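Okay, structure first, notes after.
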């Protein structure tokens, strides 16, 4: 029993020692690099280095390049001469540094550092502490970094472009980017970030572009960019965003964001934002409700489930894409005086556009596959500058010829994949599209289609339905009977004429089909005749002997 207890105590002690050692940071051994000869080639303003391999976790390269101090000939001053001292861009190719090298920039005047695909896993807080004053561009993409420490880039105060994309970074500290007041461009895409620490961008007063796409972010706080007055573009597409605070991208009342991309966030169901932006893209999410306050010029909400749409301040809206959603009506967009492009295609339950809708600047209208049964003439009257109209994939049968002047200024009119009446379609083609040189698209030819193709567009011959008699006529009672009888006679004659035309069109259709069948039979008969002649010739030349 005593031995067993001692063994247990010994095992526990061993485990505690292992945990203690693991908790203590193991500092790698410094391996001195005293010269760039044999590894680096200098050409113009670029120095390309290869062949440095520090693959072990226990080794870290330390660049201790030799320097020489020389007195100038006149004895007034001195100059520092380094061994193969590069300037401009320093590029590492086919190199491996598990630890970011120590003293790399100590004796080098470098403005651009390219260490992409170098297998870097660890960066110390002092990686840029000395000699990084002239750095403007740092490329650390395609490495294996998992975290960044506080003030990781301290000393690189003139850095303008920082690329950390395609790493494995999961955690950032609040002060990671401290000291980078001149940083303009930050690429953090394709990492594993789940959250952003509060006020992480506060010190980046010159920041213009932030790319955080392809991460695991779920929430964006309301004051994340509060201290970035020059913010231009933000990309957050392909994350796991669920919650966006209303003022998350609002820097100030006068500030205007150029581009904001929130696309491909499958968990995002509600979009409630107050921002000033030139372009907003929220494609392929799960949005069913959208409320946008502020001023936005271009909005793309395609491939969502949007049913409710509110733009309280839509006067600045110029470009709107709502393709492939669940829209039912567009009544909430009645004040869009600057709208130039509207795409609501693939909303099969969409009601007709509001009558009297005033969009005087609209040039492009896409109503493809929206269940329309009639051309929205009333809405089109408020679109004097319309040039491209797409009504394909609907259930339109005819267009009133009196509306042709309204459509004569179109340059593109897409009307295929409808249920056109051939009589009306021929009128559209001969009186509207072809005389005005309007571009159109055609249907794919189906050999089994029972109708006809007029200039490539499918149609069926149908007579218009009988219109109900309406209205009242003030006629003396003495003449009413004779007038009524005359009307009845005319109606009967009209019905006979309509029936005759319908029968004529049906007969013409079947005559055309019959001609095709007769031609096929004649070709078959010719083939059979040739086969019979061949058989007769063969049997004449065959001699049977018993």
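Numbering (mature numbering (1 follows the signal peptide of the UniProt record, and there is no 0)), first residue to last: -23 to -1, 1 to 523. Heads up, the beta-carbon is just placed ideally off N, CA and C, and yes, glycines get one too. The structure displayed is predicted, hence computed values, not measured ones.
Neighbourhood of residue i by C-beta, 6 Å cutoff - its chain only, sequence neighbours within 5 removed
i	result
residue 413	385
residue 18	25
residue 296	275 and 318
residue 141	117 and 165
residue 373	395
residue -21	Low local confidence applies: a pLDDT of 44 at residue -21 is under 50, so the model's placement there is unreliable, with the coordinate-based value given in what follows. None.
residue 94	119
residue 281	262, 264 and 302
residue 213	189 and 239
residue 255	235 and 274
residue 104	77
residue 82	108 and 109
residue 220	196
residue 156	131 and 134
Coarse secondary structure for residue i, derived from DSSP in three states
i	result
residue 99	strand
residue 349	coil
residue 491	helix
residue 504	helix
residue 403	helix
residue 150	coil
residue 251	strand
residue 443	Below a pLDDT of 50, predicted positions are generally treated as unreliable, and residue 443, at 47, falls in that range; no measurement from the model is reported.
residue 74	strand
residue 297	strand
residue 268	strand
residue 105	coil
residue 356	helix
residue 140	strand
residue 18	strand
residue 372	coil
residue 497	helix
residue 258	strand
residue 398	strand
residue 285	strand
residue 34	coil
residue 512	helix
residue 330	coil
residue 431	strand
residue 408	helix
residue 418	coil
C-beta contact flag for residue i and residue j at 9 Å
i	j	result
residue 143	residue 123	no
residue 164	residue 136	no
residue 267	residue 248	yes
residue 272	residue 243	no
residue 208	residue 234	yes
residue 29	residue 79	no
residue 159	residue 134	yes
residue 525	residue 258	Coverage of the chain is limited to positions -23 through 523, which leaves residue 525 absent and any answer about it impossible.
residue 75	residue 36	yes
residue 222	residue 198	yes
residue 300	residue 313	no
residue 178	residue 204	yes
residue 250	residue 288	no
residue 502	residue 438	no
residue 298	residue 269	no
residue 38	residue 68	no
residue 73	residue 32	yes
Whole-Å CB distance - residue i paired with residue j, under 8 Å assumed
i	j	result
residue 434	residue 392	7 Å
residue 152	residue 128	5 Å
residue 86	residue 113	In fact, because the Cβ distance is near 12 Å, the residues do not count as touching under 8 Å.
residue 336	residue 366	Going by Cβ atoms, the distance from residue 336 to residue 366 rounds to 13 Å, so no, they are not a contact pair.
residue 173	residue 194	7 Å
residue 349	residue 368	6 Å
residue 145	residue 184	That belief does not hold up - the Cβ atoms of residue 145 and residue 184 are roughly 24 Å apart, past 8 Å.
residue 361	residue 346	The Cβ separation is near 26 Å, so there is no contact.
The ligand ATP heavy atom lying under 8 Å from the CB of residue i
i	result
residue 185	Among the components modelled here there is no ligand, and therefore nothing to report on the ligand ATP.
Cβ-based neighbour list, residue i, same chain, cut-off 7 Å, excluding 5 preceding and 5 following
i	result
residue 417	390, 391, 392 and 410
residue 328	305 and 306
residue 378	404 and 408
residue 504	none
Residues near residue i by beta carbon distance below 8 Å, same chain, minus five either side
i	result
residue 364	340, 341, 386, 387, 388 and 389
is_contact[residue i, chain D] using C-beta, thresh 9 Å
i	result
residue 292	The chain labelled as chain D is not found in the depicted structure, where only one protein chain is given.
Examine the Cβ distances between the region 188 to 199 and the region 150 to 167 and report whether three or more of them are shorter than 8 Å.
-> Proximity of the region 188 to 199 to the region 150 to 167 meets the contact definition, three or more beta-carbon pairs being nearer than 8 Å.
Given 8 Å, three or more beta-carbon pairs between the region 323 to 336 and the region 353 to 361 | Result yes; three or more Cβ-Cβ pairs closer than 8 Å.
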